[in-house]
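K.L.:
Residue numbers (the UniProt record's numbering): 1 to 224. One structure, pasted below without further comment.
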């Protein structure tokens with residue numbers, strides 16, 4: 001039986017409008033995104049099948065184009081639609097940060113950095129450049145590395161901070177290994193960056209390490 005024949009209170013779209021998106025299950029939210037099912041399967045049935053096949057919602061959302069498009073009921077159009085939706089979400093987080101003091105929203109900063117870096121299969125080092133009121137000027141990835149390392153040059157970070165007129169920075173990099181615990185090398189490069197940027201009166205406010213499911217803050221541990 002198609003969703004349009006379900007009781008109105010059980011239809012995902014009507015349920016969302018009446019109760020809010022948070023009231024829906026992963027399958028119901030995905031069904032709204034899919035809009036239609038396939039022969040013999042409603043959109044909700046198809047959503048459940050896909051979640052099972054991919055191993056969960058996150059794995060589905062972060063699947064590469066080839067694997068995503070090979071799944072029954074999906075394709076290039078859905079992949080493009082999904083990527084646009086995910087990018088809108090990232091830009092919405094960025095706009096929320098840009099409107100306020102980054103230090104006043106540590107959870108939002110963590111969420112934003114996680115959305116940018118947790119799915120990467122290689123190591124990246126990025127910087128949030130901030131103005132005198134700690135509002136975001138720009139987020140930029142400055143260095144890219146292999147699976148387990150990235151070369152970080154303090155001179156390049158300082159140069160970019162001066163170009164953007166930044167008064168402070170928040171550093172971030174990911175650990176593709178899935179372990180967010182900072183290494184001794186992470187702590188050493190943080191100290192080098194603090195020293196280099198201090199010469200130009202640019203403060204390092206924090207350094208975040210992002211893995212598959214966790215974000216560790218140097219500031220919370222008293223390391224910056």
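We treat Cβ as the ideally placed atom computed from N, Cα and C, and that holds for glycine. Model, not experiment: these values are computed from the prediction.
Please report the distance separating the alpha-carbon of residue 199 from that of residue 112.
P.N.:
Locating residue 199 in the chain shown gives position 199, where the first residue counts as 1. Locating residue 112 in the chain shown gives position 112, where the first residue counts as 1. Each residue's Cα considered, the two are about 29 angstroms apart.
K.L.:
Can you list, in chain order, the residues of its chain with a C-beta nearer than 7 angstroms to that of residue 162? Leave out the 5 residues immediately preceding and following it.
P.N.:
Taking the first residue of the chain shown as 1, we reach residue 162 at position 162. Taking residue 162 as the centre and dropping the five residues before and after it, the same chain places the C-beta of 200 closer than 7 angstroms to its C-beta, in chain order.
K.L.:
Only counting the same chain, and skipping five residues up and downstream in sequence, which positions put a Cβ closer than 8 angstroms to that of residue 197?
P.N.:
Here residue 197 is taken as the residue at index 197 of the chain shown, counted from 1. Here the set comprises 154, 157, 158, 161, 169, 203, 204.
K.L.:
Would you call residue 17 buried or exposed, if buried means 16 or more other Cβ atoms sit within 10 Å of its Cβ?
P.N.:
Stepping through the chain shown from its first residue, residue 17 is reached at position 17. Exposed.
K.L.:
Mind checking whether the beta-carbon of residue 94 lies closer than 6 angstroms to any heavy atom of the ligand MG?
P.N.:
You won't find the ligand MG in this model; it holds no ligand whatsoever.
K.L.:
Have a look at residue 87 and residue 76 and give me their C-alpha separation to the nearest angstrom.
P.N.:
For the purposes of this step, residue 87 is taken as the residue at position 87 of the chain shown. For the purposes of this step, residue 76 is taken as the residue at position 76 of the chain shown. Cα-Cα distance, rounded: 16 angstroms.
K.L.:
For residue 38, which beta-bridge partners are listed by DSSP?
P.N.:
The sequence position of residue 38 within the chain shown is 38, counting from 1. Its beta-bridge partners are 41.
K.L.:
From the DSSP output, read off the bridge partner residues of residue 173.
P.N.:
As a first step, residue 173 is located in the chain shown; it is residue number 173 there, counting from the start. Beta-bridge pairing links residue 173 to 125, 209.
K.L.:
Hey, residue 68 and residue 74: beta-carbon distance below 7 angstroms or not?
P.N.:
Translated into the one-based positions of the chain shown, residue 68 becomes position 68. Translated into the one-based positions of the chain shown, residue 74 becomes position 74. Against a cut-off of 7 angstroms, the Cβ pair of residue 74 and residue 68 comes out as a contact.
K.L.:
Among residues of its own chain, excluding the 5 on either side of residue 173, which ones have a beta-carbon nearer than 6 angstroms to its beta-carbon?
P.N.:
For the purposes of this step, residue 173 is taken as the residue at position 173 of the chain shown. Exclusion of the five residues before and after residue 173 leaves 125 as the residues of its chain whose Cβ lies within less than 6 angstroms of its Cβ.
K.L.:
Please list, in chain order, all residues of the same chain as residue 15 whose beta carbon is under 8 angstroms from its beta carbon, the five residues on each side excluded.
P.N.:
Counted from its first residue, the chain shown places residue 15 at position 15. Result list for residue 15: 9, 23, 24, 28, in chain order.
K.L.:
Pick out whichever of 133, 137, 144, 134 has its Cα sitting closest to the Cα of residue 120.
P.N.:
In the chain shown, residue 120 corresponds to position 120, counting from 1. Of 133, 137, 144, 134, the residue nearest in Cα terms is 144.
K.L.:
Measure the C-alpha to C-alpha separation of residue 43 and residue 57 and round it to an integer number of angstroms.
P.N.:
Position 43 of the chain shown, counted from the first residue, corresponds to residue 43. Position 57 of the chain shown, counted from the first residue, corresponds to residue 57. One C-alpha to the other measures close to 15 angstroms.
K.L.:
What does DSSP give as the partner residue(s) for residue 143 in the beta ladder?
P.N.:
Numbered from 1 along the chain shown, position 143 holds the residue referred to as residue 143. In the DSSP output, where bridge partners are listed per residue, residue 143 has 125.
K.L.:
Between which two residues does the alpha helix (DSSP H) carrying residue 66 extend?
P.N.:
Start at 1 with the first residue of the chain shown, and residue 66 comes out as number 66. Residue range 65 to 70 is occupied by the alpha helix (DSSP H) that includes residue 66.
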